[in-house]
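Chemist:
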Amino acid sequence: MITRIWIVLFVLFAAYSVAVYIYSDGQHRESLPSASVNRGWQAWQKNNCHTCHQLYGLGGYMGPDLTNAASDPRKGREYMRAFIKYGTNSMPSFQLSDKEINDILSFLSWVDKSGKNIVSPANVHWTGNYLIN
Ligand code: HEC
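When we follow full-length UniProt numbering, the leftmost residue of the sequence shown carries the number 1, and every step to the right adds one.
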């Protein structure tokens, strides 16, 4: 009797494993960062972008949080490219090559897919604390 239960459990386990393998949409397999994402991450660190920008709400507060800027309908890649390429009065221009900028944009798109920043800029106090109701 006990052996039969084990056999049934094993068959169910095997069938489930095959089903998961065949029917998964592959969505979660894409979460491994590509080479471009890794280079972008390094460029992000080398240029100290985090001293002024936050990812997932962490970082400096001079510039805006960039966690979900890539999928923000008001922003997106080309909008971000213009800031990174030319800078503004308060955001320095780093004189990065187009390749480096593409890598940084890949990195930021990857970050965008991996989490949500739920703190709206209006809720960030000037001291850097969050004001969450
Ligand atoms: C000295 C602080 C500082 C550093 C360092 C810095 N930024 Fe910025 N960044 C800013 C500020 C301030 C703004 C907003 C500029 C404005 O609106 O004029 C900004 C804007 C941006 C924007 C547009 C975001 C938006 O939502 O409008 C992007 C993208 C961006 N920065 C990317 C980067 C990247 C990538 C790096 C590193 C290579 C970087 N920044 C380094 C201060 C900084």
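Where a beta carbon is used, it is the ideal one built from N, C-alpha and C, also for glycine.
Checking the sheet assignment: what are the DSSP bridge partners for L58?
Modeler: L55, per the DSSP bridge assignment.
Chemist: Rounded to a whole number of angstroms, what is the C-alpha to C-alpha distance between residue 142 and N47?
Modeler: An answer regarding residue 142 cannot be provided, because it is not within the stretch 1 to 133 covered by the chain.
Chemist: Near T51, what residues of its chain come up, given a Cβ to Cβ distance below 6 Å and the 5 sequence neighbours on each side ignored?
Modeler: Counting only Cβ-Cβ distances below 6 Å, and skipping sequence neighbours, we find G60.
Chemist: For the pair the stretch 66 to 85 and the stretch 33 to 40, tell me if three or more CB-CB distances fall below 8 Å.
Modeler: Too few Cβ pairs lie closer than 8 Å, so no.
Chemist: Between N47 and ligand 1, is the CB less than 6 Å from at least one heavy atom?
Modeler: At least one heavy atom of ligand 1 is nearer than 6 Å to the Cβ of N47, so yes.
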